[in-house]
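These notes are about the structure you will find just below.
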Amino acid sequence: MTRVRAALVAGTLMAALSSGCGAAHETAGAAAKADDRVRPASVRRDRGRAITSLLGSVDRAWNAGNARAFASNWTNDGVVISPQGRRTEGRDDIRKEQASAFAGSMKGTTHKLAATEIEWSSSNVAVVDGDAVISGLKGDDGTTYPPLSARFTCVCVNEHGRWLVSHMVSYSFMNS
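Letter by letter, the sequence shown follows residues -23 to -1, 1 to 153 of mature numbering (1 follows the signal peptide of the UniProt record, and there is no 0).
Encoded structure:
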């Protein structure tokens, strides 16, 4: 992600935080809707399919235990924040972190991301909310644990015709 694009994304997020998410959402939503009015429905569907395809690529790489392929779905300066709050920055560090996970606690697990909402900041930037499930987690004694479910929000960008994740945060809600 270029510094200009990063500044644009950061500015949009700061506007949401400082003026209330609703106002920023309305402004971004209005711009995206105006953009969509001039785009044929097929183009809008293709953008949604591109995001779904990107999430599928993340899943396929995880399910194959392929850290290099997993990290290739992120921008060079991409960020991953785990449900435990662990922050990993940069494609190379994401690759290293995943390689370690695939050799350890995440070995043999399966991963499934499902987008529940896609908001378009522009035709080249999407903010995606969704559900994530990791199955096949095993304890040291070989016991298989129930699937781990989390929510995620990610910013996806189109760089030179290829959709990539620039920032992904996974989280779980606490029961009250």
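By construction, the Cβ of each residue, glycine as well, lies at the ideal position given by its N, Cα and C atoms.
Buried versus exposed, by CB contacts within 10 Å (16 or more), residue i
i	result
residue 215	There is simply no residue 215 to check, as the chain begins at -23 and stops at 153 in what is shown.
glutamate 94	exposed
glycine 138	exposed
phenylalanine 150	exposed
glutamine 61	exposed
serine 77	exposed
glutamate 74	buried
alanine 91	exposed
arginine 26	exposed
arginine 24	buried
Rounded C-alpha distance that separates residue i from residue j
i	j	result
tryptophan 39	tryptophan 51	13 Å
lysine 89	leucine 32	8 Å
glycine 116	phenylalanine 47	24 Å
valine 56	valine 110	19 Å
threonine 65	arginine 22	32 Å
aspartate 70	alanine 80	15 Å
glycine 85	threonine 121	11 Å
glycine 119	serine 98	45 Å
arginine 72	arginine 63	14 Å
leucine 125	serine 59	12 Å
valine 146	serine 100	22 Å
aspartate 106	cysteine 133	11 Å
cysteine -3	methionine 83	For cysteine -3, the predicted structure reports a pLDDT of 38, less than 50, and the residue's modelled location is therefore unreliable. A value from the coordinates is still provided. If you take the alpha carbons of cysteine -3 and methionine 83, they lie about 35 Å apart.
isoleucine 28	alanine 127	19 Å
histidine 2	leucine 114	Legend: pLDDT at histidine 2 = 40, less than 50; position of this residue unreliable, no value from coordinates given.
serine 143	asparagine 135	10 Å
tryptophan 140	aspartate 108	19 Å
valine 102	threonine 130	13 Å
serine 30	alanine 44	18 Å
glutamate 96	serine 34	20 Å
asparagine 152	valine 104	26 Å
Assumed close pair residue i, residue j - CB separation to whole angstroms, cut-off 8 Å
i	j	result
glycine 67	asparagine 53	7 Å
threonine 87	serine 49	Contact doesn't hold; Cβ gap of about 19 Å is too wide.
Min CB distance residue i to chain D below 8 Å
i	result
glycine 119	Absent here is chain D; the protein component of the structure consists of one chain.
In chain order, each alpha helix (DSSP H) run of at least 4 residues that lies wholly inside the segment 67 to 95 | Fully contained in the segment 67 to 95 are the following alpha helix (DSSP H) runs of length 4 or more, in chain order: 68 to 80.
Where in the segment 93 to 123 do unbroken runs of the beta strand (DSSP E), each at least 3 residues long, occur, reported from the N-terminal end onward?
-> The segment 93 to 123 contains these whole beta strand (DSSP E) runs: 102 to 112.
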